[in-house]
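Engineer:
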Amino acid sequence: MKFVAFNKAALLKALRLAVLFLLYAASQASLQAGYNPSTGTPGNDNVSATGNFTGSFYGNGGSDNVLIISSSQSNAAGGNNITLEDGTVTNNGSLSNTYDGTASNLYFSGTSIQVFNNGILQVNATSATNAYANGILIDGDGDTGSILIRNTGRISASSGATSSNSWAYGVNVDFDTAYGQTLRIENSGSILANSSDSDYSYASSVYVDAYSQYGNSSVVIDNTGTLRATSAYSGDDNSEASALYIEGGSYYGNSSIVVTNSGLVQSQSGYSGSDNSNAYGLELSSTSDYGQASITVTNAAAGRILVESDEASNDSDATGISAYAAGYNGAAITITNQGQILVSSSYANDESSATGIDAEADAYFGDANISITNSGLVSASSAYGDEDSTARGIRATAGSYYGNALVSVTNTGTIRATTGDAEEETDAIGILTSAYTTYGSATTVVTNSGTIEARAGASFDDDESLAAGIRSTVSGYDSSLLLEISNTGSISAISDFSDEEDSIARGISASMYGDSSGSTPTIRITNTGSLFAQSGYAEEEDSRATGIQANNSADNGLIEIFNQGTIQAISGEADDDDSIATGISASAYSSYGTIRITNSGSISAHAGDADDGSEAFGIRAEGYTVEVSNSGTITTSSEDNDETLGIRASGTYVTVTNAGGSIQSPYGPSISVNAYSTGTVNLNGISLLEGVVEGVGGNDTLNLNLLGVTPEQAAALQLVLDAIGGGFGTFTAAGQTYEIDGFETINLNAQTFAQAFGGVEGFDSLLSSLDSINGPIAPELASLFTALAGLGEGGAVPPEEVQKALSLLTGQDVVTALGNLGINQAGALSRTLTDRALSLRGGSSGLDFSGLRLRDPSLIAEAGFISSRLDNLLAANSSSRALSDVPASPGIATAPEPKRINAWVRGEATTAEQEDKDGVSGYDDVTGGATVGADYRLSRSLAVGILGGANTTKADLNAGGRIEGVSALFGTYATWAQDGWHAQGLAAYVRGETDIRRTVFGGTNTADTSSNAGVFSAAGGYDFKAGGWKFGPTLGLQYAHILIDGYTESGPTALRVDENSVDSLQSILGFHASREFDFTFVRLTPQFLASWNHEFLNDSNSTRTSFLNSPGISSFEVDSRDPERDFALLGLGCSAVLPDMEMITLFLGYNAQVGQESYTAHSLNAGLKVEF
2 MKFVAFNKAA LLKALRLAVL FLLYAASQAS LQAGYNPSTG TPGNDNVSAT
52 GNFTGSFYGN GGSDNVLIIS SSQSNAAGGN NITLEDGTVT NNGSLSNTYD
102 GTASNLYFSG TSIQVFNNGI LQVNATSATN AYANGILIDG DGDTGSILIR
152 NTGRISASSG ATSSNSWAYG VNVDFDTAYG QTLRIENSGS ILANSSDSDY
202 SYASSVYVDA YSQYGNSSVV IDNTGTLRAT SAYSGDDNSE ASALYIEGGS
252 YYGNSSIVVT NSGLVQSQSG YSGSDNSNAY GLELSSTSDY GQASITVTNA
302 AAGRILVESD EASNDSDATG ISAYAAGYNG AAITITNQGQ ILVSSSYAND
352 ESSATGIDAE ADAYFGDANI SITNSGLVSA SSAYGDEDST ARGIRATAGS
402 YYGNALVSVT NTGTIRATTG DAEEETDAIG ILTSAYTTYG SATTVVTNSG
452 TIEARAGASF DDDESLAAGI RSTVSGYDSS LLLEISNTGS ISAISDFSDE
502 EDSIARGISA SMYGDSSGST PTIRITNTGS LFAQSGYAEE EDSRATGIQA
552 NNSADNGLIE IFNQGTIQAI SGEADDDDSI ATGISASAYS SYGTIRITNS
602 GSISAHAGDA DDGSEAFGIR AEGYTVEVSN SGTITTSSED NDETLGIRAS
652 GTYVTVTNAG GSIQSPYGPS ISVNAYSTGT VNLNGISLLE GVVEGVGGND
702 TLNLNLLGVT PEQAAALQLV LDAIGGGFGT FTAAGQTYEI DGFETINLNA
752 QTFAQAFGGV EGFDSLLSSL DSINGPIAPE LASLFTALAG LGEGGAVPPE
802 EVQKALSLLT GQDVVTALGN LGINQAGALS RTLTDRALSL RGGSSGLDFS
852 GLRLRDPSLI AEAGFISSRL DNLLAANSSS RALSDVPASP GIATAPEPKR
902 INAWVRGEAT TAEQEDKDGV SGYDDVTGGA TVGADYRLSR SLAVGILGGA
952 NTTKADLNAG GRIEGVSALF GTYATWAQDG WHAQGLAAYV RGETDIRRTV
1002 FGGTNTADTS SNAGVFSAAG GYDFKAGGWK FGPTLGLQYA HILIDGYTES
1052 GPTALRVDEN SVDSLQSILG FHASREFDFT FVRLTPQFLA SWNHEFLNDS
1102 NSTRTSFLNS PGISSFEVDS RDPERDFALL GLGCSAVLPD MEMITLFLGY
1152 NAQVGQESYT AHSLNAGLKV EF
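Count along the sequence shown starting at 1, add 1, and that's the number in the working numbering.
1. In the DSSP assignment, find the beta strand (DSSP E) that holds PRO1034 and state where it starts and stops.
2. May I have the straight-line CA-CA distance separating GLY686 from LEU789, to the nearest angstrom?
3. If you count every other CB in all the chains shown that lies within 10 Å of the CB of GLY548, and 16 or more means buried, which is it?
4. Sort out for me which residues DSSP pairs ASP363 with in a bridge.
5. Have a look at ALA926 and ASP957 and give me their C-alpha separation to the nearest angstrom.
6. Suppose you measure from the CA of VAL308 to the CA of ALA194; what does that come to, to the nearest Å?
7. Report the CB separation of LEU483 from ILE509 in whole angstroms; it is logged as a contact under 8 Å.
8. Determine the direct distance from the alpha carbon of THR320 to that of ALA381, and round the result to whole angstroms.
9. Starting from the C-beta of SER639, find all residues in its chain whose C-beta is less than 8 Å away, skip the five residues before and the five after it, and write them out in chain order.
10. Assuming ILE902 is part of the beta strand (DSSP E), what are its boundary residues?
11. Helix, strand or coil: how does DSSP classify GLU801 here?
12. Report the three-state DSSP secondary structure of ASN821 (helix, strand or coil).
13. By the three-class DSSP mapping on this structure, what secondary structure does LEU767 have?
14. Which of the three DSSP states, helix, strand or coil, is assigned to SER784?
15. List the endpoints of the continuous alpha helix (DSSP H) containing GLN719.
16. So, for THR658: in the same chain, excluding its five sequence neighbours on each side, which residues have a beta-carbon less than 6 Å away from its beta-carbon?
17. Which of the three DSSP states, helix, strand or coil, is assigned to LEU483?
18. Taking the beta strand (DSSP E) that GLN665 falls in, what are its first and last residues?
19. Put LEU707 into one of helix, strand or coil per three-state DSSP.
20. The alpha helix (DSSP H) spanning PHE754 covers which residue range?
21. What runs of the alpha helix (DSSP H), each 4 residues or longer, lie entirely inside the region 1063-1149?
22. Which of the three DSSP states is assigned to VAL1155 in this structure?
23. For GLY930, which of GLY923, ARG938, GLY950, LYS918 has the nearest alpha-carbon?
24. Suppose you measure from the CA of ARG649 to the CA of VAL674; what does that come to, to the nearest Å?
25. If we count the other Cβ atoms within 10 Å of its Cβ and call it buried at 16 or more, is SER770 buried or exposed?
26. Buried or exposed for ARG472, please, with buried defined as at least 16 other CB atoms from any protein chain shown within 10 angstroms of its CB.
27. Here's a check: name, in chain order, each residue in its chain whose Cβ is nearer than 8 Å to the Cβ of GLY793, leaving out the five neighbours to either side.
28. Can you look up SER808 in the DSSP assignment and give me helix, strand or coil?
29. Any idea what DSSP makes of VAL761, helix, strand or coil?
30. For VAL694, which residues does DSSP report across the bridge?
31. Let me check understanding here. Comparing Cα to Cα, which of ALA303, ALA364, ARG393, THR153 lies closest to SER442?
32. Could you compute how far the alpha carbon of GLY961 sits from the alpha carbon of LEU703?
33. Do the CB positions of THR413 and GLY367 come within less than 8 Å of each other?
34. Going by DSSP, what residue range makes up the beta strand (DSSP E) through LEU939?
35. Could you check how far apart the C-beta atoms of GLY282 and ASN224 are, in whole angstroms? I think they sit under 8 Å.
36. I'd like to confirm the pairing. Which residues does DSSP put opposite LEU1056 in its beta bridges?
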């Protein structure tokens, strides 16, 4: 067990101390040569100075030393520009230092230090042997300490040595205390480190070695600027670059490292002629011998970590974030990436390796926890390796001896791992995890809702090409073990050519081994997303592709796999061996191991050409107790037409249930059960099976729980089954043919759909068609009908849920919506007539802009415009432009002859809600449209007109989906008024085009249709006048006939729907009242409207429908929902005329349709009328 981090830098520590001593001596020499007497006396405590420094400055003693640098200083004498033990330095100017050997801008030897750099710190060290450059160097020892470095300017350190070593540090902190310390570095500027060619080249923007003996060690880094480290050519040793290196530790206390980046972290290592090229973005190590160690890293959305390692004669290794925490009493690592981590390694004579995030936590007595969350981009790409080429998006390993180990990885972003080719192994893994313990619990939880891509290059020599989206291992002895993987996103794994070993691709791979301490060691994998695995050509060994692979060798181990998504496995060609493709593979080899696999999604496996065997398996499971259930689809195929198998289950006790699922295995069994004790196969509902169902053991039972079989058919089927016995035979039920073989016991339980759905009303025609299935049906329907009959995984289904499901499946909600949208609009049209009649009864001539009104969508929407326009022309006052309701009297001067031709335009928008009712889903709709018209006055009492318009409709279905339509109309109308009486009539034609998209149990069906509608309306009434009020009753009839063309959907449960028609006849009994108020600044006319409407027609109508992809099911009738026949309309409005603007009338109104249980509509109308 490892408890104290071991790092290459530790090997250099002794050499660094020696260099620091030389640096200190050099500072003393430069003090004598370049000291400015005006700044103080050498060696004085508590120096305070401000100004310029021509050489070097030296201050000793307490933390009250304060330096403020405001201009430039150049030092070529070597050593340090500024040397202090403790104190505060603020640089607003520019310090530069160039020297042959070792050089620093700022050097501190204490533990109470503050540095504020707002200017430039620049250092350049060159040497024929060792070159050592530090922008800021702190080498402090003490009882306690606190260091703050804040950079808003520029720190640049460069080193170069023609031989030996070249070190460059932007900030270099060696911080040792006895009783505790804190270090905080904030960078919003730039910190740059560049080491040039040498035997050993090392560069670090920020380098920290912080250790406390008895107290706690805390290091906090906040970067919003730029950290860049670049190492150059290395002749005899490594070329290493680490933008941020932190080694924090404590012996008895706790060690904590916190790093936040929202800026740029960039690291590039150079070519290594005889060793390694290593590059790290963040290289972090936190250890405690007897305490706790923790690391927290956050790479914010704006953060970028860019890492690249150059070619190397040995290894080329690049890592974005490397975090190692080891604590005797606990270790914890938390990494959050919201930004970008881009890592690439170059060609290597040995291994080329790239890792986006690498985390390892070790503990002895305490817990070891790792939590990694990625919502950004992590990309790791390795190049060609003469030996291996490996790439890891995220790697996490946690272990504890007596404590618990937990690894949690969550991805909602993108993770990519790509390797180049290699002479030996190529290994690309998106997420790689391991949790282990000896006496505690080990748990791994991996959740993906984003994208994971793993692609391995070719292996040309004696190893394998391996690609895995997720690969996780949990182990322990006398422990509690749990491994959970959930995918709702997309995972792909693609391996390439392999010369002498296997080419292997796995979407998800999970392994568990060890001993249990009482709880069940469990692997649980859930997929509701997409898994894709494709292996490449294998020259001498196997090509293997597996969607999900799970192995549990722990005693009493349990494997649970649930697939509701898509799994696809494609294995490549195998020249000398096997090509094997498997959707799901599970094994529990230990004693009493249990496997449970449930598939309600889609699994496909295709095996390529093979010299030996080309084998494709949908599900393959082997354990002590094996339970497999399928209600989805499983498709297997072989390039050589060699061997395919839908489900193979082996064990002591084996049960396979196919509950309406589809299994296509053209070159082998659809289901094979090999039970050492008892084997059971349940075929529930309607099974779509290609391939024999076989029992291989000696005590196998086949239970047939069939749907769509009448009692007479069941009696005949029983005779066939008795004849088959335990041998091979075929039979047909509900239009499906079954092949069976090797079952010692066969049990038959059959029922009709009418029996299964006995509590459901309104679907007699559908049930009759289902009970006479005589051919193929869609897999989605077989699975759904089986589940609704209570024969699926979920058991019995309540009748009301079956009602809703059948309504959705048969499109009852759409048939009802298409008709009711039109009928409801007819009511809205009458409302338009009522609320417009009173305000415009005085007449309308010239151009009428009638505003914007919220209303219901429909093909007959424009009929209301017509009725409104008729009311606009009715005579209701003495205006010379109104239709007259008083005949001219002889001897009395008559009003001027009104204008005969009028034109108008009206815009509308509408909202309405139809709630779910009687098991039929409703909708929410929004409609907008415009209508134009013109009328001609035949006499004072009579006018006729024509109109045309267009509107759009969007109705969101509550069950999922949308109805979108456009319509155009043409119509004619007439209006008459005399002696207080008024009447009007209209006739209109509406043509509509409608797109339908509906969501059915996760799938989407689409279609388009057309419609034609005729609308006829007649209304009349009488206006009373009293006390300035105008009021009276109205009585009307509105009739609409809508013809909806037949349409054919596309989609998994597509329907073919015949032509359908809807008829509506409504009576309208209403009352209106209005009064004009003439104020100095405006003339207002408020109005009130109310009516009671009754529907006489619009009975539930039937539409002939069939399932497009199920020719074995005959067509059936789908009944629309019965209407609610009575409702009320209420409206309030007000019109306004401004002085000196008599030609313009403004109006605003609100209307509501109420009184129905499930339908409500609210409308606002506003606009203006212009007369000329």
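Ideal Cβ placement from N, Cα and C applies to all residues, glycine included.
These numbers were taken from a predicted model, which means no experiment stands behind them.
Structural biologist: From the atom records:
1. 1030-1045 is the span of the beta strand (DSSP E), which, as asked, contains PRO1034.
2. 10 Å
3. buried
4. Looking at the DSSP output, ASP363 sits in a beta bridge with ALA327, GLY400.
5. Position check: residue 926 holds Asp in this sequence, whereas Ala was assumed. Near 6 Å, if we compare the C-alpha coordinates of ASP957 and ASP926.
6. 14 Å
7. Contact doesn't hold; Cβ gap of about 16 Å is too wide.
8. 8 Å
9. Counting only Cβ-Cβ distances below 8 Å, and skipping sequence neighbours, we find HIS607, ALA608, SER615, GLU616, ALA617, THR645, TYR668.
10. For ILE902, the enclosing beta strand (DSSP E) starts and ends at 902-915.
11. helix
12. helix
13. helix
14. helix
15. 712-725
16. SER630, ASN683
17. strand
18. 663-665
19. strand
20. 754-757
21. Segments of the alpha helix (DSSP H) lying fully in the region 1063-1149: there are none.
22. strand
23. Comparing Cα-Cα distances from GLY930 to each of GLY923, ARG938, GLY950, LYS918, the minimum goes to GLY950.
24. 6 Å
25. buried
26. buried
27. SER632, ALA660, GLY661, ASN685, GLY686, SER784, THR787
28. DSSP places SER808 within a helical segment (H, G or I) once states are collapsed to three.
29. coil
30. ILE672, ILE741
31. ALA364
32. 39 Å
33. no
34. Looking at the DSSP string, LEU939 is not in any beta strand (DSSP E), and its letter there is neither H nor E.
35. No, GLY282 and ASN224 are not in contact; Cβ-Cβ is about 11 Å, not under 8 Å.
36. PHE1108
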